[in-house]
Amino acid sequence: MPKLLYNYFFLVLPFKTLFKREENMKFKIENVIKGALASFIGASMAFTANIAFADYPDKDITFIVPYSPGGGSDQMARRLQPGLEKALGVNVNIVYKTGGGGAVGFSELHRSKPDGYTISNVVVPNVIISSKGEGVGYKAGDFSYIGMTEAAVGALMVPNDSPYQTLDQFVAAAKKNLVC
């Protein structure tokens, strides 16, 4: 059975993350304390959330699709749009900010006001890879991932008449430099 590759799609907001990892990937103790304090404050504020968010949303929401119209991210956004509009009671306007493998759209999201009125969908590997680009102005950790919207299976395919009918055959040929 071949291994399947998954791409995960998330809705994201332009909020900064609370935890910043050190180069050695260990959390600073003060960030852990901040996280615990934030959790306590967040839990205590849950009782007043209905009051605080009673007026949200009071205007249309912009949904940035960082890829070209007609692609998978656009199709997913179009599938989400009616449900979001029904649940939120406002229009969800899809806008395209294409280029740089998603970097243009991610930059636009990062620059937007963090008020919940601008959201986007991302393919997780793309936002991580594009954040390594020079001058993009954001890091993958600069976004809050608010919900997974789908998991898509990726697969290797060959024509029916290919000499490689299994992944093992393909890998063996690749190791012998018989595959481009």
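Just so you know, this note's numbering puts 837 at position 173 of the sequence shown, and the rest follows in order with no gaps.
Quick reminder that beta carbons are idealized off the backbone N, C-alpha and C, glycines included.
Local conformation of residue i per DSSP, three classes
i, result
"R685", "Here R685 scores only 44 on pLDDT, less than 50, and its place in the model is too uncertain to base an answer on."
"F807", "coil"
"S784", "strand"
"A767", "helix"
"V754", "coil"
"M812", "strand"
"A700", "Because the pLDDT of A700 is 49, which lies under 50, any placement of that residue in the model is unreliable, and the number read from its coordinates should be weighed accordingly. Note: A700 maps to helix in three-state DSSP."
"V759", "strand"
"G818", "strand"
"V800", "coil"
Expected contact under 8 Å - CB spacing of residue i and residue j to nearest Å
i, j, result
"V729", "G769", "7 Å"
"K761", "E749", "Not confirmed; about 20 Å, so no contact."
"N757", "D724", "6 Å"
"Y720", "G805", "The Cβ separation is near 25 Å, so there is no contact."
"Y731", "H774", "Contact flag wrong, Cβ pair sits at about 16 Å."
"V787", "S737", "7 Å"
Straight-line Cα distance separating residue j from residue i
i, j, result
"L752", "F727", "13 Å"
"Q833", "D825", "14 Å"
"N785", "V835", "34 Å"
"N714", "Q829", "Here N714 scores only 49 on pLDDT, less than 50, and its place in the model is too uncertain to base an answer on."
"P733", "R743", "13 Å"
"E686", "F807", "The predicted model places E686 with a pLDDT of 44, which falls under 50 and marks its position as unreliable; any figure quoted below should be read in that light. Roughly 18 Å between the two C-alpha positions."
"Q745", "I810", "16 Å"
"A837", "M812", "37 Å"
"V759", "P778", "17 Å"
"T681", "L820", "For T681, the predicted structure reports a pLDDT of 39, less than 50, and the residue's modelled location is therefore unreliable. A value from the coordinates is still provided. Their backbone Cα atoms lie some 35 Å apart in a straight line."
"L831", "V754", "48 Å"
Sub-8 Å separation of residue i and residue j beta-carbons
i, j, result
"E798", "M740", "no"
Min CB distance residue i to chain B below 8 Å
i, result
"A767", "The question asks about chain B, but that chain is absent: this structure has only one protein chain."
**Prompt:** For the region 750-769 against the region 793-802, are there 3 or more C-beta pairs whose distance is under 8 Å?
**Reply:** yes
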